[in-house]
Amino acid sequence: MTRGRIRAKLRRSQLYTFACLRPHVNETEGSVQGCPRVIYCNQPHMHKKRPLKYCTNYISTTKYNFFSYFPKALFEQFNRVANIYFLIAALLSVTPLSPFSPVSMLLPLAIVVGVSMAKEALEDWRRFMQDKEVNARKVSVHVGNGVFSYKPWEKIQVGDIVKVEKDQFFPADLLFLSSSYEDGICYVETMNLDGETNLKVKRAMEATSPLNEDEAFKEFTGTVKCENPNPSLYTFVGNIEYDRELYAIDPSQILLRDSKLRNTAHVYGSVIFTGHDSKVMQNATTSPSKRSGIEKKMDKIIFILFAILVLISLISSIGFAVKINYQTPQWWYLKPKETDVYFNPVKPLVPGLAHLVTALILYGYLIPISLYVSIEIVKFLQAIFINQDISMYDDESGIPAQARTSNLNEELGQVDTILSDKTGTLTCNQMDFLKCSVAGTAYGVSPSEVELAAAKQMAIDLEEQNREIANAKHKNSGSEIELETVITSNDGNDFKRRIKGFNFEDSRLMDGNWLKEPNVDTLLLFFRILAICHTAIPELNEETGNLTYEAESPDEAAFLVAAREFGFEFYRRTQSSVFIRERYPPKGQPVEREFKILNLLDFTSKRKRMSVIVRDEDGQILLLCKGADSIIFDRLSKNGRMYEEATTKHLNEYGEAGLRTLALAYKQLDESEYSAWNSEFQKAKSSIGADREATLEHVSDMMEKDLILVGATAVEDKLQKGVPQCIDKLAQAGLKIWVLTGDKMETAINIGFACSLLRQGMKQICITALNSDSVGKAAKEAVKDNILMQITNASQMIKLERDPHAAYALIIEGKTLAYALEDDMKHHFLGLAVECASVICCRVSPKQKALVTRLVKEGTGKTTLAIGDGANDVGMIQEADIGIGISGVEGMQAVMASDFSIAQFRFLERLLVVHGHWCYKRIAQMVIIKDFPT
Amino acid sequence: MKGRRSSSDSSSSSKTKKPQYSKFTQQELSACKPILTPGYVIGIFIIVGVIFIPVGIISLFASENVVEIVDRYDEGCIPPNYSDDMLAYIQNSDTNKTCTRSLKATKLMKSPVYIYYQLDNFYQNHRRYVKSRNDKQLWSKKHEDETKNCAPEATSNGLSIVPCGLIAWSLFNDSYGFSIKNKMVKVSKKNIAWESDKKHKFGSDVYPKNFQNGVLIGGGKLNSSIPLSKQEALIVWMRTAALPTFRKLYGRIESDIQANDSVTVIIENNYNTYSFGGKKKLVLSTTTWIGGKNDFLGIAYITVGGLCLFLAISFILVYVVMPRPLGDPAFLSWNRHPAGHQI
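The listed protein sequences derive, respectively, from chains V and D.
With the UniProt record's numbering, you'll find the first sequence wraps up at 934, consecutive numbering, no jumps.
With the UniProt record's numbering, you'll find the second sequence wraps up at 343, consecutive numbering, no jumps.
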């Protein structure tokens with residue numbers, strides 16, 4: 001009951017950040033011109049006839065249907081040059097020119113084409129079954145008089161009102177009308193669209209959000225005018241006429257097909273785009289077909305063979321013509337006077353040409369047709385072996401390795417460079433709250449994996465030393481044992497108490513002991529920032545009674561878990577408030593506090609910070625901010641820098657330990673200051689146009705300054721199982737590994753150490769751009785020259801290196817990379833990179849990932865392999881010779897684009913070293929053996 | 001291999017995608033693949049050499065024991081007044097084609113002595129020629145009128161020719177008579193064709209018809225009262241030679257020819273090889289267990305055997321002078337250029 005009341009109040013209040021201040025439509029009437037599509041909501045019968053009849057919601061991703069299969073598949077087959085050649089040869093062999101019976105030519109061709117077509121048919125059949133399953137899914141649709149009943153997806157029409165329930169997929173692109181929440185919000189998971197696992201908030205139009213009952217749709221009608229179907233996921237132009245008023249529709253009111261409703265009991269929506277008109281279907285692309293090196297080589301060989309064939313035929317037919325002309329007239333036993341096309345001593349050109357054709361067919365065996373069949377079959381079987389390999393099956397996720405194309409099996413053994421994503425590929429994308437620094441004091445004693453790895457490395461080094469200095473053995477053993485205990489004790493803890501996202505250990509803060517610390521106030525503030533400054537949603541796990549958090553990033557979830565463990569449990573969020581249950585064990589009773597959220601300044605990758613402005617129960621207005629340390633430090637007030645020095649020191653330590661750090665800060669506001677700013681903020685929000693974002697940012701900027709530093713957090717990005725060993729083995733096999741990550745340089749280097757990509761003995765070459773913000777052309781040139789100089793210096797250094805065992809690591813940053821990838825620089829850069837054993841590129845964008853991949857692929861001419869798991873790796877995966885998708889948590893986008901998918905990075909070793917080796921060797925042997933007879 | 005599981009726990013949860021374990025799918029089937037170590041290789045070469053060289057020597061000896069007399073008679077059988085225009089001589093049906101040659105046996109030739117004729121520069125393998133026959137017609141009376149592929153020698157005056165085609169039409173028709181010391185020697189012309197040809201290719205109920213009665217006469221004529229299966233000279237001729245120089249069996253002399261015996265041959269020189277510059281030779285030869293005179297086989301055996309022995313010896317030398325451990329990784333590419341690769 002209370003909840004409903006609060007919600008009702010909420011809706012009336014104007015304070016909530018996003019939905020309430022949508023621009024009203026009157027201003028946007030002009031945009032109607034670009035909206036040729038008209039939809040009569042809740043009047044599907046209007047869409048039964050011609051001009052308004054849109055495509056059905058039946059989707060088909062198959063290439064063929066029953067009738068088109070034969071002509072289309074045949075056409076596809078004969079698109080291949082080899083097949084065309086064989087077809088012509090077969091046709092010629094039917095003519096009397098042929099030196100042998102046509103069966104010997106037609107039969108193998110029929111088998112080749114037949115097998116490939118059967119494979120196509122099988123694949124298409126699978127797609128068909130998948131489509132069938134999707135088309136048959138049920139959704140509840142308004143059938144009139146406020147009654148909803150279930151219909152299969154394929155029966156849904158434009159204009160239908162559908163009711164989608166929790167954890168269901170949206171059947172088509174919908175206009176979001178209302179949800180079970182009175183303020184008309186819902187949470188959507190768009191994993192299938194962009195690979196992001198976090199939830200996104202969608203908001204219904206205010207005008208329609210009261211319609212949140214089945215009954216309400218009895219009388220509802222509306223007319224939507226909108227753009228034609230297009231593949232852009234993040235734009236939508238249109239408006240709706242409802243109750244004789246026009247309202248603009250913006251993209252956040254569109255629920256896209258194939259995304260999933262979460263945390264919301266149900267939503268109502270009007271169907272706008274159905275079936276193949278929907279944005280996700282418009283986006284569907286087939287991944288570019290890749291061909292393996294052996295196939296390319298074979299093509300070349302076959303081309304050479306063909307040239308030889310033509311040459312041989314030419315020589316033999318010329319010889320034939322000459323002989324016919326000069327000698328055969330005397331060969332009485334051939335009856336040279338009785339001529340025909342094939343034998344005419346008088347006109348030797350005609351039989352010469354005929355003989356050319358005959359010779360082409362006769363020597364046609366030079367081009368091995370059966371080789372194609374054999375290769376197809378062998379590759380198909382090899383793909384089965386890869387799929388069946390029990391050693392590449394992940395017990396935890398239950399996903400086996402999958403060869404999605406069988407074209408590239410043998411290419412796996414030829415990989416020279418591996419380009420790897422970091423998050424989700426090398427690391428689990430699971431954050432553990434490990435350490436923090438509050439008020440200049442560092443808390444948290446559990447070691448990070450990097451520290452563990454370093455400790456282990458040290459232990460090994462010591463062991464080596466021991467071996468060298470056999471006599472001094474007993475002296476060192478003491479420290480060794482100590483190190484061992486550090487490692488083992490940590491392992492023990494893992495078993496004892498494992499809370500996902502929390503690996504913090506320090507008795508000073510745990511179990512309410514923080515109350516005894518000297519700087520209680522700052523600690524309290526620190527914990528409150530952790531618990532309040534976020535956009536997550538709590539979710540009650542019904543089995544365990546625990547709260548889990550649906551957050552935009554795993555860092556946030558880790559903070560919330562940490563806050564809960566410290567006694568600040570975030571348990572409820574409404575539109576305007578965050579509720580925290582504060583527990584101080586000495587006093588016993590938990591206190592529930594409500595913090596009114598006045599404004600929320602979003603996190604963007606550009607701003608690298610987020611803030612909330614809250615009013616606590618005492619009416620005090622606070623700005624709580626968290627963000628990247630450099631950004632926060634720039635915005636501290638003079639008296640807020642009390643702990644800056646100590647915190648910076650701690651941050652550097654954390655960075656070295658491979659941890660992700662964020663700084664936390666706050667500031668107190670007084671009422672007048674806030675209201676002055678707020679009015680400006682609201683003005684910026686309600687403005688429309690291109691500069692809305694810029695003004696919003698500017699206004700946010702004005703608020704987020706003169707902050708007071710509270711502390712910093714350190715979160716560990718957990719490495720995946722077996723990654724260092726796997727990288728070690730691959731490096732031993734002579735593969736070069738590049739890591740392309742969006743993280744900052746320090747983190748990337750640390751991860752590099754953790755996964756044994758970097759080693760202590762390696763010489764690191766860091767290439768960074770001069771930090772100049774000036775945009776002028778001259779400045780740019782200067783930066784570029786500087787980078788070029790760094791690159792040439794480094795190359796020179798490597799060239800002059802005498803020690804053959806010296807290894808180099810190149811570390812380059814995204815901004816620098818942008819320069820290095822320019823046309824005139826990229827070869828210098830590549831030349832240097834190739835000399836280095838490992839390369840780490842940090843702060844790179846998805847686009848740059850693809851560019852780097854292309855540079856390596858084209859620059860070195862060697863086989864590249866890209867491995868990644870998220871939507872941001874798709875470009876890289878498609879660009880590389882072999883793309884491998886990690887079928888992990890970050891959605892299926894990468895897997896869909898990849899050629900092979902594996903569940904864990906460590907399986908890469910087996911895939912490359914075992915399967916790649918076998919496949920290549922076997923295919924190569926088969927090609928040689930098959931080629932030999934010809 | 002790692003990660004092996006008993007199949008029982010995967011069957012308990014049948015819905016998992018866990019691959020079933022089997023030796024086949026995990027590629028663990030036992031296999032045997034010999035590695036060619038220097039020892040093996042040297043051993044094999046020595047064995048091959050030791051076996052081949054004696055075999056070669058024996059074959060060479062056998063070939064040496066064959067006695068062969070070759071006599072080219074195409075030019076010698078032209079009367080001097082025709083020596084400028086041999087073609088006119090052979091094409092003129094009125095000239096006397098008989099010619100006498102005398103051959104000398106250098107050694108004792110034990111019976112049977114085989115008589116061959118050897119033609120040179122005669123392309124029995126020409127496609128137009130090879131194809132010009134009809135096996136159906138040759139085999140059974142039913143298909144007498146089947147002359148497919150026989151062009152341009154299929155019909156004569158509208159009647160189908162049996163046997164049709166260029167091959168039969170150009171049948172070799174020189175004949176030889178032998179006498180030693182003025183005593184006629186009997187020549188057996190039976191059993192000179194392949195048994196399978198006689199039984200399965202040339203019908204016993206097929207008689208020559210309309211043969212060689214066209215405008216242009218090719219080679220020899222056939223007795224139309226003898227079935228094709230008994231016309232062994234034809235059967236031998238119709239088995240076309242693969243090379244332009246070939247020998248075909250003419251007959252056998254079933255008696256020994258003593259050393260220094262002079263053999264007189266009376267040749268009916270009918271066949272025209274003059275127009276295309278071919279040679280005609282008469283060959284008398286004995287056989288041994290390796291067949292006729294053929295040095296090639298022996299030489300080939302000795303060459304291969306010698307090569308093997310040579311290789312074996314040189315491998316032994318290399319092995320002794322520069323031994324290398326088996327599976328030495330020092331020559332792998334990343335070990336030779338450590339800088340860019342090694343980590």
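Beta carbons are placed, not taken as given, at the ideal position from N, Cα and C, and that holds for glycine.
Shortest alpha-carbon distance to residue i belongs to which of the options?
i	options	result
A62/D	A31/D, Q137/D, K280/D, D295/D	D295/D
K209/D	G76/D, I161/D, L307/D, V70/D	I161/D
N519/V	P447/V, T441/V, V578/V	T441/V
Q382/V	K17/D, Q26/D, G203/D	Q26/D
V378/V	I301/V, E410/V, A359/V	E410/V
I267/D	D71/D, Q137/D, G277/D, N149/D	D71/D
G916/V	T522/V, S795/V, A806/V, G293/V	G293/V
K230/D	K190/D, L249/D, D256/D, D261/D	K190/D
Y393/V	A265/V, F907/V, L309/V	F907/V
F566/V	D602/V, C755/V, L624/V, K435/V	K435/V
Return the first residue and the last residue of the beta strand (DSSP E) that residue i is part of.
i	result
T864/V	863 to 868
N599/V	591 to 601
E781/V	No beta strand (DSSP E) contains E781/V, which is instead part of the alpha helix (DSSP H) from 777 to 800.
P538/V	537 to 540
Y89/D	Y89/D -> not in any beta strand (DSSP E); alpha helix (DSSP H) instead, spanning 86 to 91.
Between which two residues does the alpha helix (DSSP H) containing residue i stretch?
i	result
P229/V	Run containing P229/V: none; DSSP gives neither H nor E here.
R126/V	103 to 135
H917/V	917 to 931
H827/V	826 to 835
K323/V	293 to 326
G352/V	349 to 362
C308/D	295 to 321
K705/V	Per DSSP, K705/V belongs to no alpha helix (DSSP H) and is neither H nor E.
V50/D	38 to 65
W139/D	135 to 139
Run through chain D and tell me which residues come within less than 8 Å of residue i, C-beta to C-beta.
i	result
P400/V	K17, K18, P19
Would you list the residues sitting across from residue i in a DSSP beta bridge?
i	result
F176/V	G269/V
N81/D	DSSP, once it has assigned bridges, lists no residue as partnering N81/D.
C186/V	K202/V
P152/V	K138/V
A663/V	G627/V, A712/V
In chain V, which residues lie with their C-beta within 7 Å of the C-beta of residue i?
i	result
P152/D	K335, E338
N123/D	Strictly speaking, residue 123/D in this sequence is Tyr, with Asn absent from that position. Near Y123/D (Cβ distances below 7 Å), the residues of chain V are W331.
N269/D	Here the premise fails: no neighbours, minimum Cβ distance about 16 Å.
Does the beta carbon of residue i fall short of 6 Å from some heavy atom of the ligand FAD?
i	result
F433/V	No copy of the ligand FAD occurs in the structure displayed, which carries no ligand at all.
Identify the contact partners of residue i in chain V, using a Cβ-Cβ distance below 9 Å as the criterion.
i	result
L317/D	Result: empty, since nearest Cβ-Cβ is about 30 Å, beyond 9 Å.
So residue i contacts chain V; which residues on that side make the cut at Cβ distance below 8 Å?
i	result
R128/D	L334, Y342, F343
If the cut-off is 7 Å on Cβ atoms, which residues from the stretch 24 to 56 of chain D count as contacting chain V, listed in chain order? T25, Q26, Q27
Mind checking the stretch 334 to 352 of chain V against chain D and listing, in chain order, the residues whose C-beta falls within less than 8 Å of any C-beta there? L334, K335, E338, D340, Y342, F343
Mind checking the stretch 199 to 224 of chain D against chain V and listing, in chain order, the residues whose C-beta falls within less than 9 Å of any C-beta there? L216, G218, G219
Along the stretch 730 to 758 of chain V, where does the CB come closer than 7 Å to a CB of chain D? Name the residues. A731, G734
Could you please tell me which residues of the stretch 373 to 394 of chain V, in chain order, have their CB closer than 9 Å to any CB of chain D? I384, F385, N387, Q388, D389, I390, S391, M392, Y393
Residues in the stretch 270 to 297 of chain D with C-beta within 8 Å of chain V's C-beta atoms, listed in sequence order? N272, S275, F276, G277
Near-chain V residues of the stretch 151 to 179 of chain D - C-beta to any C-beta below 9 Å: A151, P152, E153, L166, I167, W169, S170
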